[in-house]
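Have a look at the structure below, then the notes.
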Amino acid sequence: MTKISKLKLVFLSAVLAVPVLPQQIVLAGEEQRAPPQARTAGTLGPQVMRAISSIQELMQPEDEEDEPDLAAAKLELDELYDRRWERMNDFEKQTVLNFYTNYWLTLENYPEAINTFKQLLEIEALREDTRLRTLKSLGQLTAAEEAWQESIQYYELWREASLVEDDIVYRGLSYAHYQADEFTEALPYWIAYMELLLERYEQSLLPVEVDGVLQPAEPQEFPLGRDDYSYLNGLYFTLEDFPNALELTKTMIMLFDNQTDWMNLSAIYSGLDDEERRVRSLNVAYLKGMIEDENRFLNLGQSMGGIDVPLSGSKIIVDGMEKQIVEESEENLETLAQMHLIGADFEGALGPARRVAEMSDSGDGYDTYGYIHYALANYQDAADAFQMAVDKGNLSNSADTLLFLARSLIELDDFEGARNAAVDSADAGNESEQRSANDYIRFIDSTEERFNIIEERKADAIDFYRPYPSLLE
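Per the numbering used here, the very first residue in the sequence shown carries number 101; after that it's consecutive.
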């Protein structure tokens, strides 16, 4: 049987895990019936009885060491069918067809088994319990053949005829509707399936009366597994019913504390446009050691900046690099440097920014590295970095880099170098950048003039100054 492959989860690249019906068909209850026992109570004629007894021995030898001879059994079945079918009573026909169904199921020839079960339904005097088992088996077998609408039809016929509901039927109806892309119809059947199992479980926990005394019930295994909840959650995701998906996912986390459910919780908050809770739930998953891939490390780290805790984000990215989950690539190191800058941690940004500058094919890395030194008032290091950016070339905005070089040099009282850098900035920039550079050139000139005046006054003050005579002489 084809596994479920059509689940359209909008936000997750790991998807939610959705259960499928078992490969081995389970019929008329929870396990396949053994070949029917031959009966004589006025229902099987002597000739049919002898033939059935022989067929049963071939299909299910009394000696466990003997191998079943299915081929011989089939030959005898065909002979009995051809020779006596028209003269058989309804019970004899039912018995023969039951042997046929077991034969085909043993060979996993589901189309032939389906045809035989359909023939069973044509028997007028078919017992009601047999009719119900047959309808349920047809629902399962047609699902195995991916005939989804037929499967739905037989399950619905079963429900119309039965006085009670059945978890296998609910599950089969939901699965068949799901595979037919009828997700809205699939949802209530799966909810009914889960509720029925829970109701039985709760009933099993009630005290039982033994010799007039209430005794506690024997402990029972919880009937629903994570796959049952995951299938329901998959339906909620497919139908974009995020409020219900949210509540169910929280329940699943409480029950199973599974990594996928934590990832889904973050995805649901994203679908609900609740960014802060999305990031916080992903952070809890990180703290629990449930994030193991590069994309989620980077996503969480960068998202921390969006909720005003960028330095926490930078620590997460560093942790990912130390665990060799996040590659120390130029792009990732640039992201790390940016996280430090957003958090005004300029010292922390220096290391990754320097590595980016060394790795980059353009001078932009050194431009950023120089800016960080400039913000830290390390003007000589800033000037060196900006000059290396210019020398490396291929800058995104050479006019801006040259202007910052000028600003760094003027802090070092290198007016000539600052003026040359500002002139180069004007030559490299657009009209607006040219105005800024020319304004800065005038600022350099005025600053140099003021600097020279101060230096002259210092010199005059030194010439004017006469030391006092020594008091010791």
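All C-beta atoms, glycine included, are put in the ideal place defined by N, C-alpha and C.
For the alpha helix (DSSP H) that contains Leu297, what are its first and last residues? Leu297: member of the alpha helix (DSSP H) spanning Phe283 to Ser304, first to last residue.
Quick one: what's got a C-beta closer than 6 Å to Leu314's C-beta in the same chain, skipping five residues either side? Once the five neighbours on either side are set aside, the close Cβ partners of Leu314 are Pro307.
Selected residue, minimal CA-CA separation from Lys174, among Glu192, Ala151 and Met188: Ala151
Going by beta carbon distance, what residues of the same chain come within less than 6 Å of Ala172, once the five residues before and after it are set aside? Leu158
Between Ala292 and the rest of its own chain, which residues show a CB-CB distance below 8 Å, the 5 nearest in sequence each way excluded? Glu265 and Tyr270
In DSSP terms, what Glu309 is bridged to: Leu314
If I measure Cβ to Cβ from Glu176 and keep anything under 8 Å in the same chain, skipping five residues before and after, which residues do I get? Ala151, Ser154, Ile155 and Leu158
Here's the rule I'm using: 16 or more other beta-carbon atoms within 10 Å means buried, otherwise exposed. How should Leu387 be labelled? exposed
If you run the structure through DSSP and keep just helix, strand and coil, what is Thr143? coil
Glu131 versus Glu427: straight-line alpha-carbon distance, rounded: Since pLDDT at Glu131 reaches only 44, below the 50 mark, its modelled position is unreliable, and the value read off the structure follows with that caveat. Using only the alpha carbons, I get a separation of about 52 Å.
What did DSSP end up calling Gly443 once you bin it into helix, strand or coil? coil
Take Trp362 and list the residues in its own chain whose beta-carbon comes closer than 6 Å to its own, dropping the five residues that flank it on each side. Spatial neighbours of Trp362 in its own chain (CB-CB distance under 6 Å, excluding positions within 5 residues in sequence) are listed in chain order as Ala385 and Met390.
Residue span of the alpha helix (DSSP H) that contains Arg259, given as start and end: Trp248 to Ala261
For the alpha helix (DSSP H) that contains Asp491, what are its first and last residues? Segment Tyr479 to Lys492, the alpha helix (DSSP H) holding Asp491.
If you draw a straight line from the alpha carbon of Gly334 to that of Leu238, how long is it in whole angstroms? 27 Å
Assuming Ile417 and Gly401 make a contact with CB atoms under 8 Å, what is their CB distance in whole Å? 4 Å
Are three or more beta carbon pairs between the segment 548-558 and the segment 527-537 nearer than 8 Å? no
Between the C-alpha atoms of Leu502 and Gly470, what's the straight-line distance to the nearest angstrom? 11 Å
Cβ shell of Phe283 (< 7 Å), same chain only, five flanking positions each side left out: Leu335, Thr338 and Leu339
By how many angstroms is the C-alpha of Met352 removed from the C-alpha of Asn358? Each residue's CA atom was taken as its position, placing Asn358 and Met352 some 8 Å apart.
Which residues in the same chain have their Cβ closer than 8 Å to the Cβ of Ser210, if we skip the five residues on either side of it in sequence? Residue 210 is actually Tyr in this sequence, not Ser. If we look at Tyr210 and ignore the five residues flanking it on each side, its Cβ neighbours are Ile125, Trp204, Leu241, Ala244 and Glu245.
Counting C-beta neighbours from all protein chains within 10 Å, is the total for Asp281 16 or more, i.e. buried, or is it exposed? Exposed is the call here.
Would you mind working out which of Asp229, Lys218, Ala225 and Ile223 sits nearest Gln253, comparing C-alpha positions? Lys218
Asn383 classed as buried or exposed, judged by whether at least 16 other C-beta atoms fall within 10 angstroms: Only buried fits Asn383, as 16 or more other CB atoms lie within 10 angstroms of its CB.
Tell me whether the beta-carbon of Ser274 lies closer than 8 Å to the beta-carbon of Trp290. yes
Cα-Cα separation, Glu250 to Thr230: 19 Å
Could you pull out every residue in the same chain whose Cβ sits closer than 7 Å to the Cβ of Asp524, ignoring the five residues on either side in sequence? Leu502
Going by CA-CA distance only, name the one from Ser498, Leu263, Asp500 and Tyr540 that's closest to Glu516. The residue with the shortest Cα to Cα distance from Glu516 is Tyr540.
Specify the secondary structure class of Asn364 as computed by DSSP and reduced to three states. DSSP, reduced to helix, strand and coil, places Asn364 within a helical segment of the structure shown.
Am I right that Ser304 and Ala317 are in contact with their C-beta atoms under 8 Å? What's the rounded C-beta distance? Right, the Cβ-Cβ distance comes to about 6 Å (below 8 Å), so this counts as a contact.
Just confirm the distance between the C-beta atoms of Phe446 and Ile472, as a whole number of angstroms; I'd bet it's less than 8 Å. 5 Å
Would Arg378 be called buried (16 or more neighbouring beta carbons within 10 Å of its own) or exposed? buried
If you check the beta carbons only, do Leu441 and Tyr479 fall under 8 Å apart? The criterion of a C-beta distance shorter than 8 Å is not satisfied by Leu441 and Tyr479.
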